[in-house]
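Working notes, beginning with the structure itself.
Numbering (full-length UniProt numbering), first residue to last: 1 to 741.
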């Protein structure tokens, strides 16, 4: 039974095995066929594909070359056609089509030259042909331009004289000829052709330069020139005529009117021609000739109008600023007229900005004029003087009364009372000389300088805020300039001439005196005065120092002169010898002569107290030097003592006579009697004279145990030295020396 089952399974399995073996044999046959087919493809079909691909690539490259050649040939044909059409149009004087066809030919040639990889010699020849044709057309257009615009200029080119301007003429042959097509006037054709060729800018620039040099600038520079226009058939003529004018400078309004007339007639006869320039102008790239000329000329024209016209119209005083509105309005109308003819673009307002900024220009001009006037005063002669006294009056504003507020209501002169006081507008009163500058002489130029400062501050009061600030700063600058200019410009004279040094000292003190109250007098300027440096009190020490340094330097020179003259006195020794005595006597007289000369040149110049102090200092220098020399002597004979006494007597008698501060001789006696007040060594000198003629007992009595008048002037050592020099060595001298201690 089992065996039966196995046979049954085997009989079922055997056919399936046989089927599978048949499938394997069939697959192996297919694999062999595939291998044979693969080998056939690799050996035959792949080779055919490679050949076909190579042929396709070659055909494609050939097609591309043929396409390029065809394109080049088309462009060459276009070039040739355009050149022929351009030549034909040029012969027929149809300049616009000729220029357009020439540009077409240029574009075609440029396209041909842009292809790389072709060794073509023909573009070089074509480029040469194009250049020749272009230059020929430019030449023809140039001749047409010369016919349209004719200049008749004077022989002396570059000259801007009035005579040459009258000889200049401009002729415009821009009218259409009879029978000519109105749609294409020759002017527009010529200008458009020049624009297409890129030559219009050059021609217009040349025209603009001639227009500026021979038309516009002469009109601005010469007020007597008047433009004259004349129209004849197809020509317009512009020339000048000269009218006699008294004024040297023409008003901006008249200049603007003349220039507007020029541009109006030019616009009518030439500048209104519309042109096509892509990238420029308004709609569709259209632009007028006026706009192109404006771009070339406006900057130079506006600069010329500003520097040769408007700058002269800037007011010189605050009262004229209100009248300047007429100039501003005229400038606005002038720019508006230029914008209407499209000569000026809307954003070009340099001229208007300058006119509207009148406050700035007024302040600058005013300050420059002030500094210039101040420098002229500073460099003028110092010795031209004027006498100032406490009663002197200047052309300056009065000080506002204390109760009048920030602004003075009226400027009334102070009222001098019979009692010699000045009324300050309140219950209190002061002496008329309180805080006054003492009587002295100052330079006329300095008085004018101070008056200039006051008048400038007065003008600043009524000016605008900006002008006020500038003017106040300018006044301060004037005084700074004085400190720098005057000492350097007059250095040599101030060093050599004592009188000028004294006048310069007075000048500085006079300025410092007014600077003390200058800021207070204009205190109602308030914060503006603070913005420009505050009051002028800070400058006062500088002026006082400037005057003192100059005068002290001169005093030092005079002191050295006194000492040099006393040096020839041979130390006042050996007065027994006549020669030594005469030398000493001569030196004394030379010193007195020097002091008398100084007293004369300083007389009525320096204030009395300064005069006396200066002369007292110099006389004191001489006396102190004589005392030092005599007290240093070791031996003085009786005759020598008498001669020394006589020399000292000359100084005592004639020394006070050098004090002559005033012109009135009788008034000088007071100051001559007060010499001991100004000469520190005067009492010492007189005491020395007493010692020279005294005996031992008199000397001891004047010493009075160190309490007498002699002890007040000399030390014990100096008195002992004098005793030893004057008296012989005896017991009496020894006793006298013992008492001096």
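Every residue, glycine too, gets a C-beta built ideally from N, C-alpha and C.
Quantities reported herein were computed from a predicted structural model and do not represent experimental measurements.
The three-state secondary structure of residue 676, taken from DSSP, is helix. Each of 389, 476, 677 was checked against the Cα of residue 452, and the nearest Cα belongs to 476. Bounds of the beta strand (DSSP E) holding residue 274 are 274-276.
Comparing C-alpha distances from residue 363 to each of 264, 467, 353, 648 shows the shortest one belongs to 467. Under the three-state reduction of DSSP output, residue 227 falls in the strand class.
Around the beta carbon of residue 695, fewer than 16 other beta carbons sit within 10 angstroms, so the residue counts as exposed.
The region 420-502 contains, as complete beta strand (DSSP E) runs of 3+ residues, the segments 421-423, 429-431, 440-443 (chain order).
A straight line joining the alpha-carbon of residue 392 with that of residue 439 spans about 9 Å. Straight-line spacing of the CA atoms in residue 670 and residue 377 works out to 38 Å.
Annotated three-state conformation of residue 558 is helix, per DSSP. DSSP places residue 633 in no beta strand (DSSP E); its state is neither H nor E.
The UniProt domain "ZW10 C-terminal helical" (586-740) is shown to contain whole alpha helix (DSSP H) runs of 4 or more residues at 608-631, 638-654, 665-673, 675-678, 682-693, 696-703, 709-713, 716-726, 731-739, in chain order. Taking the Cα positions, residue 513 is about 14 Å away from residue 449. Between the region 660-668 and the region 695-712 there are fewer than three inter-stretch CB-CB distances shorter than 8 Å, so the stretches are not counted as touching. Under DSSP, residue 241 forms a beta bridge with 226. Taking C-beta atoms under 8 Å as the contact rule, residue 286 and residue 276 qualify, at a distance of about 6 Å. Closest in C-alpha terms to residue 146, from the list 206, 91, 103, comes 206. Per the C-alpha coordinates, the member of 636, 657, 640 positioned closest to residue 619 is 657. Of all C-beta pairs linking the region 558-566 to the region 452-464, fewer than three are shorter than 8 Å, placing the two stretches out of contact.
The three-state reading of DSSP puts residue 511 in helix, counting H, G and I together.
In this structure, residue 351 sits away from residue 390, with a CB-CB distance that is not shorter than 8 Å. The continuous beta strand (DSSP E) containing residue 150 extends over residues 149-152. Between the C-alpha atoms of residue 292 and residue 354 there is a straight-line separation of about 24 Å.
A residue is called buried once 16 or more other Cβ atoms fall within 10 Å of its Cβ, and residue 640 is buried on that count. Secondary structure note for residue 172: its beta strand (DSSP E) is the uninterrupted segment 169-172. If you draw a 10 Å sphere on the C-beta of residue 13, you find fewer than 16 other C-beta atoms in it, and that means exposed. Shown here, residue 288 sits in a strand according to DSSP, grouped into three states. Proximity of the region 310-329 to the region 225-238 falls short of the contact definition, fewer than three beta-carbon pairs being nearer than 8 Å. Taking residue 171 as reference, the option from 239, 133, 139, 134 with the minimal CA-CA separation is 239. Residue 385 is bridged by DSSP to 443. Between residue 374 and residue 478 the beta-carbon gap is near 5 Å, inside 8 Å, which marks them as a contact. In summary, residue 10 is exposed, with fewer than 16 beta-carbon neighbours lying within 10 Å of its beta-carbon over all protein chains present. Taking a cut-off of 8 Å on C-beta distances, the region 587-601 does not touch the region 674-690, as fewer than three cross pairs fall below it. Exclusion of the five residues before and after residue 724 leaves 634, 733, 737 as the residues of its chain whose Cβ lies within less than 8 Å of its Cβ. Here residue 196 carries a helix assignment [DSSP, helix/strand/coil].
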